[in-house]
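For reference, the structure is listed below as structure tokens.
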Amino acid sequence: MPPKGKDITQESGPLNLLRPLLLLSYSAYYIIPTILDLLLHFQIPALLSFSKFKDHWFSNFWAFFGPRSREYAAPAVLPLLENSATGVCLDVGPGNGQWLDIYSRANNPSITKIYGVEPNHGMHKALRESAVRAGLGDVYEIVGCGAQELSAKAGFQSGSIDTIITVQSLCSIPTPETIIEELYPLLKPGGKWLMYEHVKTKYRGDFVAYWQLMAGIVNIIWPHFFGGCDICRPTDEWVRQAGEWDKVELKSGTDLGENCYDTMPHVIGTLTKKKLKKLN
């Protein structure tokens, strides 16, 4: 969690190199309360399954950390999402719905449907409540499977989506390169992909690159503490390579106020899928 009053647009100092360790400690704090909560509600199967336990643990932690994460990212993310989503939208990994108010009818009147792809069922209750508060109860539908199952299990067809939205979610999906390649065909020609994601540092020759590499040791346990998140993925490169784009408008590094002290840098922006050529 950033210092009080700090947001992503403000430059970081050397102490920011320790941020992954700090965030791990915040998540670890919720292990015992989650165990006690499951015992009090007699949810013994969740205690006996590590994957189910992690879902409950992350849900409890994110109820605390999600709003603080939004506050930190808002100066960059709000301009990206406001009035940008149109038509049928695919909201990948919305969690508890902390950004849904931005998609309200007042901000995005051209939205006709939003599919929220959230595999963590422990998040669904809060996600539904967020959709209703945002006035999206009649257009927001939760899809309770992973992004890798959208075609096989949920029946999504190629060219059926106007806007794909990924906000700090591609860092958590399994087999990310494959899933990104599977998401691309779902987007209509001329459709937009709005993204704000953790990426591998661009400062490859600086100390932070070696520190992020060393963070691979941290990254062995990090996914268990953060819902599967991987802090070392070149996600922006994979999305660029997923298919043909008419326009790629992505910002990173100093454009976001991030520098060589950020071990969890971001990329943000819009990619517009190449339109089909008209036949004469």
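Here the working numbering is used: the first residue of the sequence shown is 12, the next is one more, and so on. Every residue, glycine too, gets a C-beta built ideally from N, C-alpha and C. As the structure is a computational prediction, the values presented were derived from the model and not from experiment.
The Cβ atoms of Gly238 and Ser183 lie closer than 7 Å to each other. Spatial neighbours of Gly104 in its own chain (CB-CB distance under 6 Å, excluding positions within 5 residues in sequence) are listed in chain order as Ser180. Contact between Val210 and Asp247 holds, since their C-beta atoms are separated by about 5 Å, short of 8 Å.
The stretch 84-99 and the stretch 139-159 do not touch, with fewer than 3 CB-CB distances between them shorter than 8 Å.
Taking a cut-off of 8 Å for Cβ pairs, the stretch 104-120 and the stretch 159-173 do not touch, as fewer than three such pairs fall below it. In the three-state scheme derived from DSSP, where H, G and I count as helix and E and B as strand, Ser115 is classed as coil. As DSSP reads the structure, Ile175 sits in a beta bridge with Leu101 and Trp204.
Less than 7 Å separates the beta-carbon of Trp68 from that of Tyr41.
Between Lys284 and Leu194 a beta carbon distance of about 11 Å is seen, past the 8 Å cut, so the two are scored as non-contacting.
Non-local beta-carbon contacts of Gly155 in its own chain, meaning distances under 8 Å to residues more than five positions away in sequence, involve Glu129, Pro130, His132 and His135 in chain order. Apart from sequence neighbours up to five positions away, the residues of its chain that approach Met206 with a beta-carbon distance below 6 Å are Thr177, ordered along the chain.
Between the alpha carbons of Leu51 and Pro44 lies a gap of roughly 10 Å. Taking C-beta atoms as the reference points, Ile190 and Ala158 count as a pair closer than 7 Å. Comparing alpha-carbon positions, the option among Arg81, Glu192, Ile153 and Ile125 lying closest to Trp249 turns out to be Glu192.
For Val210, no alpha helix (DSSP H) run applies, since DSSP gives it neither H nor E. Distance from the CA atom of Arg251 to the CA atom of Asp266, rounded to whole angstroms, is 19 Å.
Its Cα nearest to that of Ile172, the residue Gly202 stands out among Ala163, Gly202 and Val150.
A distance below 7 Å between beta-carbons, with the five flanking residues on each side excluded, links Asp217 to the following residues of its chain, in chain order: Cys271. Within its own chain, the residues whose Cβ lies closer than 6 Å to the Cβ of Leu282, once the five positions on either side in sequence are excluded, are Trp204, Trp256 and Val259, listed in chain order. Taking all protein chains shown into account, Arg244 has 16 or more neighbouring C-beta atoms within 10 Å of its C-beta and is therefore buried. Rounded to whole angstroms, the Cβ separation of Glu152 and Tyr126 is 5 Å, and the two are in contact under 8 Å. Sixteen is the threshold: since fewer than 16 other Cβ atoms of the shown chains lie within 10 Å of the Cβ of Leu33, the residue is exposed. For Lys164, the secondary structure class from DSSP, reduced to helix, strand or coil, is coil.
If you draw a 10 Å sphere on the C-beta of Ile55, you find fewer than 16 other C-beta atoms in it, and that means exposed.
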